[in-house]
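A.B. asks:
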Amino acid sequence: MRTLLITFGTAVTVFVLATFATFALGAASGSNPAAVALGEVATQEDVDRLNHVFGLDRPFLVRYFDWIAGAVTGDLGNSWFTTIPVADSIAQAFPVSLSIAIGAIVLALLFGFTGGVLAAISRGGFVDRAVTLLSTISATVPAFVAAIALILLFAYAIPIFPVAGYVPPEKNLVGWLMCLVLPSIALSLDAGADIARQLRTSLVGTLQENYVIGARVHGLAPGRIIFRHALPIASTPALSVLGVHAPRLIGGAVITEVIFGMPGLGQLANRSALQGDIPVVQGVLLVTIAMVVVIGAIINLVIARTGGTERSAA
Numbered sequence: 103m104r105t106l107l108i109t110f111g112t113a114v115t116v117f118v119l120a121t122f123a124t125f126a127l128g129a130a131s132g133s134n135p136a137a138v139a140l141g142e143v144a145t146q147e148d149v150d151r152l153n154h155v156f157g158l159d160r161p162f163l164v165r166y167f168d169w170i171a172g173a174v175t176g177d178l179g180n181s182w183f184t185t186i187p188v189a190d191s192i193a194q195a196f197p198v199s200l201s202i203a204i205g206a207i208v209l210a211l212l213f214g215f216t217g218g219v220l221a222a223i224s225r226g227g228f229v230d231r232a233v234t235l236l237s238t239i240s241a242t243v244p245a246f247v248a249a250i251a252l253i254l255l256f257a258y259a260i261p262i263f264p265v266a267g268y269v270p271p272e273k274n275l276v277g278w279l280m281c282l283v284l285p286s287i288a289l290s291l292d293a294g295a296d297i298a299r300q301l302r303t304s305l306v307g308t309l310q311e312n313y314v315i316g317a318r319v320h321g322l323a324p325g326r327i328i329f330r331h332a333l334p335i336a337s338t339p340a341l342s343v344l345g346v347h348a349p350r351l352i353g354g355a356v357i358t359e360v361i362f363g364m365p366g367l368g369q370l371a372n373r374s375a376l377q378g379d380i381p382v383v384q385g386v387l388l389v390t391i392a393m394v395v396v397i398g399a400i401i402n403l404v405i406a407r408t409g410g411t412e413r414s415a416a
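If you read the sequence shown in this note's numbering, its first letter stands for residue 103, the second for the next number, and so on.
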């Protein structure tokens, strides 16, 4: 319970500070939507009247607290230029970014844990060296470079996966999964490499602990020793690495989807930023911050639970 309260308190604090900074940057941008919407022939009186409609003539803190209070109820205001509710625009784009982020996290865990375990049990062998080499290379390749390389590879040489566009799962589940493969792989390489290296190091050390040696002496199967006794304890540092990479994975999803032409939060934020549509940009940033905070809190709870398992085993 204490861990849950600490995690919740930390998440709320980070969310408030991050959203305050986001709103402050938007307010400090100097964008005047009323002047843009009315044109150069508008009088100052007309501009002031439209600014009042937008609520821009109120004090900064009042606008911030109104914005947060509305966000809690799902009201993020309206676009300055289209008058479409920001929440509606985000609701259409959010599933795309969330799908890419979750796909990248799943692949990073799959690649990282598979490579880390194989490298640890074959320490010093060919597999260990191969995993180390691939992890080193993957960690140095930016996600956007990997994305471009994957597009070139699968657009011409091996045309298996779609290299652009998005299919909602309710229309075609297989098509949805196929269009997520390439962006998720591009985004997961860095995190998967770090997880593999960290898991390899911690698992090698764990396999040399006295209780693991004792399990071997008692004749337990190697697979049971690794997956039942050693891996749950050795995975804690690897999950910590995932916690560090979570903001990059979520933020990277917004960038990666632009490269693959997917109508997610990245496309929405990019289009709105070019128009100077601050409410939409702030709404996208708020949702992105919330995703980072929630996923980070979940990872921290998993780490705390794993740590409790480690203390029990000790």
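Using N, Cα and C, we set each Cβ at its ideal position, and we do this for glycine too.
These numbers come from a predicted model, not from an experiment.
Quick one: Cα of Ala241 to Cα of Ser286, how far?
C.D. replies: Their Cα atoms are separated by approximately 15 Å.
A.B. asks: Where are the alpha helix (DSSP H) runs, 4 residues long or more, that stay fully inside the stretch 302 to 343, in chain order?
C.D. replies: Counting whole runs of 4 or more residues, the stretch 302 to 343 contains the alpha helix (DSSP H) stretches 312 to 319.
A.B. asks: Under DSSP, the alpha helix (DSSP H) around Tyr166 begins and ends at which residues?
C.D. replies: Tyr166 -> alpha helix (DSSP H) spans Phe162 to Val174.
A.B. asks: Please list, in chain order, all residues of the same chain as Ser237 whose beta carbon is under 6 Å from its beta carbon, the five residues on each side excluded.
C.D. replies: Only Ala295, Ala298 and Arg299 meet the Cβ criterion.
A.B. asks: Over what stretch of residues does the alpha helix (DSSP H) that includes Thr234 continue unbroken?
C.D. replies: Here the alpha helix (DSSP H) through Thr234 covers Phe228 to Thr242.
A.B. asks: Using a threshold of 7 Å, state whether the C-beta atoms of Gln384 and Gly128 are closer than that.
C.D. replies: Contact flag set, yes.
A.B. asks: Which residue marks the beginning of the alpha helix (DSSP H) containing Asn153, and which one marks its end?
C.D. replies: First-last of the alpha helix (DSSP H) with Asn153: Gln146 to Phe156.
A.B. asks: Compare the Cα-Cα distances from Phe167 to each of Ala126, Asp148 and Ala193 and report the closest residue.
C.D. replies: Comparing Cα positions, the closest option is Ala126.
A.B. asks: Look at the alpha carbon of Ile425 and the alpha carbon of Gly172, and state the distance between them as a whole number of angstroms.
C.D. replies: As shown, the chain starts at 103 and ends at 416. That puts residue 425 outside it, with no answer to give.
A.B. asks: From the DSSP output, in three-state form, read off Pro365 for me.
C.D. replies: Here Pro365 sits in coil by DSSP.
A.B. asks: For Gly354, which option in Val394, Phe228, Ser181 and Ser191 has the closest C-alpha, if you only look at C-alpha atoms?
C.D. replies: Per the Cα distances, Val394.
A.B. asks: Less than 8 Å between C-beta atoms, sequence neighbours within five positions excluded: which residues of the same chain meet that for Pro270?
C.D. replies: So the list reads Pro197 and Trp278, once near-sequence residues are dropped.
A.B. asks: So, with DSSP's three-state summary, where would you put Pro187?
C.D. replies: In the structure shown, Pro187 sits in a strand (DSSP, three-state: E or B).
A.B. asks: Check each candidate in Val247, Val314 and Ser374 and name the one with the smallest Cα separation from Leu333.
C.D. replies: Nearest of Val247, Val314 and Ser374 to Leu333, Cα basis: Val314.
A.B. asks: Confirm, please, whether the CB-CB distance from Gly398 to Ala336 is below 7 Å.
C.D. replies: No.
A.B. asks: Starting from Asn180, follow its DSSP beta bridges and name the residues at the other end.
C.D. replies: Beta-bridge pairing links Asn180 to Pro187.
A.B. asks: What is the C-beta distance between Val386 and Ile192, in whole angstroms, given that I count them as a contact (C-beta under 8 Å)?
C.D. replies: Contact flag correct, Cβ pair sits at about 7 Å.
A.B. asks: Find out if the Cβ-Cβ distance for the pair Ala120, Ile401 is shorter than 7 Å.
C.D. replies: No.
A.B. asks: Assign Thr338 to buried or exposed, taking buried as 16 or more other Cβ atoms, counted over all protein chains shown, within 10 Å of its Cβ.
C.D. replies: By the neighbour-count rule (16 or more Cβ atoms within 10 Å), Thr338 is buried.
A.B. asks: Going by beta-carbon coordinates alone, are Gly217 and Val229 separated by less than 7 Å?
C.D. replies: No, they are not a contact pair.
A.B. asks: Let me know the secondary structure DSSP gives Asp159 once reduced to three states.
C.D. replies: Of the three classes helix, strand and coil, the one that applies to Asp159 here is coil, per DSSP.
A.B. asks: To the nearest angstrom, report how far apart Leu275 and Ala249 are at their CA atoms.
C.D. replies: Taking the straight line joining both Cα atoms gives about 23 Å.
A.B. asks: In whole angstroms, what separates the C-alpha of Leu48 from that of Ala340?
C.D. replies: The shown model of the chain, from 103 to 416, leaves out residue 48, and the question about it has no answer.
A.B. asks: Are the CB atoms of Ala210 and Ile352 nearer to each other than 7 Å?
C.D. replies: Their beta carbons are not under 7 Å apart, which means Ala210 does not touch Ile352 by this criterion.
A.B. asks: Residues in its own chain within less than 7 Å of Ala288 by CB, not counting five upstream and five downstream?
C.D. replies: The answer, listed in chain order, is Ala245, Ala248, Ala249, Leu252 and Thr358.
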